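Per this note's numbering, residue 46 is the first one in the sequence shown, and the count goes up by one each step.
We put the CB at the ideal spot given by N, CA and C, even for glycine.
All values reported here derive from a predicted model rather than from experimental measurement.
Remarks on the structure that follows.
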Amino acid sequence: MTNDAASNIRVQITEVLRRATLPASNLTKNKKDALRNLRADKSIHILKADKGNATVILDRLGYDNKILALLSTSTYKELKRDPTANIERKICSKLSGFKKA
46 MTNDAASNIR
56 VQITEVLRRA
66 TLPASNLTKN
76 KKDALRNLRA
86 DKSIHILKAD
96 KGNATVILDR
106 LGYDNKILAL
116 LSTSTYKELK
126 RDPTANIERK
136 ICSKLSGFKK
146 A
């Protein structure tokens, strides 16, 4: 693709996005205000439920205590360093092996 063609596509995409209109909100002003107040309340913690399409509101102190209790058991252990880079390298190595085959 030439630079002119790429530039033309960029201009067209920008124009389409500029003209696009957002859909009307399905929340009333009162509901928006209520949500804003809930988010601002630091005494509660708002989470997505593990299952289903639901939201759960928990007392922050109780939630923090439960999390600390879970972390203090032998189920979890503290890592000396973040293993993400090493795991990513191994996955890329495996994937490149598949690509060559």
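DSSP three-state call for T120: helix, strand or coil? Within the sequence shown, the letter at position 75 stands for residue 120. Residue state, collapsed to three classes: coil.
Simplified DSSP assignment, three categories, for K74: Within the sequence shown, the letter at position 29 stands for residue 74. Three-state DSSP puts K74 in a helix.
Just tell me which of D104, Y121, K96 has its CA closest to the CA of D86. As a first step, residue 86 is located in the sequence shown; it is residue number 41 there, counting from the start. The shortest Cα separation from D86 among D104, Y121, K96 belongs to D104.
When the Cα atoms are used, what is the spatial distance from L113 to E123? The residue given as residue 113 occupies position 68 in the sequence shown. The residue given as residue 123 occupies position 78 in the sequence shown. Between L113 and E123, the C-alpha separation is close to 13 Å.
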